[in-house]
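Inspection log for the structure reproduced underneath, given as structure tokens.
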Ligand code: ADP
């Protein structure tokens with residue numbers, strides 16, 4: 011397996027770049043945000059629970075998110091690798107992910123961190139809100155809360171992965187293709 015984490019603040023372009031990376035490297039995509047949204051749409055128990063946090067711009071509790079990821083990895087154990095998009099978002103989730111992969115004799119191979127200015131992020135999220143109808147992208151208060159959660163809980167993961175020598179930061183401003191080419195360079199620098 012070859013396992014990638016795509017990392018960055020809300021609106022950094024993780025989903026867009028994941029779609030292109032999946033295609034190029036033939037990987038399985040796990041976007042925890044997408045899984046939550048499809049559960050919300052299907053009105054499942056998990057969806058109901060997740061919605062109460064997502065609508066406020068808060069993170070869904072670790073135990074819920076971790077159990078979901080564990081299940082997903084189990085169900086796709088024959089995959090040639092994963093792109094984790096929007097997970098991990100806390101140090102506990104990062105530790106849990108290492109354990110989940112270790113149970114399958116696997117590990118994270120690279121963490122790609124997209125760097126984007128905050129002004130640009132807010133602009134992108136509000137634009138996306140108009141098109142996608144995502145409620146959490148339409149309200150500036152919710153967006154601000156997501157940034158707060160990112161700074162407090164998610165950003166510490168940068169050091170967590172830097173210490174493991176897995177962190178590759180990439181400039182996330184510019185055209186989609188330029189950013190993609192930068193990501194590919196980083197992946198190819200570690201992929202045998
Ligand atoms: P974005 O990166 O633009 O914020 P996502 O689709 O990744 O969008 O996430 C949307 C929301 O789903 C988050 O604000 C959070 O409430 C919830 N969520 C997604 N992934 C996680 C996670 N790993 N842990 C906790 N909550 C999550």
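Residue numbers (my numbering): 11 to 202.
By construction, the Cβ of each residue, glycine as well, lies at the ideal position given by its N, Cα and C atoms.
Residue 32 places its beta carbon 8 Å or farther from that of residue 120. Taking one beta carbon from each stretch, the segment 52-68 and the segment 90-109 have fewer than 3 pairs nearer than 8 Å; the two do not touch. Beta-bridge analysis with DSSP links residue 181 to 125.
Closest in alpha carbon position to residue 75, among 86, 52 and 40, is 40.
Within its own chain, the residues whose Cβ lies closer than 8 Å to the Cβ of residue 20, once the five positions on either side in sequence are excluded, are 131, 135, 153, 156, 157 and 160, listed in chain order. Each of 200, 54, 72 and 88 was checked against the Cα of residue 178, and the nearest Cα belongs to 200.
Annotation for residue 18: 24, 123, 124, 125, 126 and 182 place their beta carbon closer than 8 Å to its own, counting only its chain and skipping 5 residues before and after.
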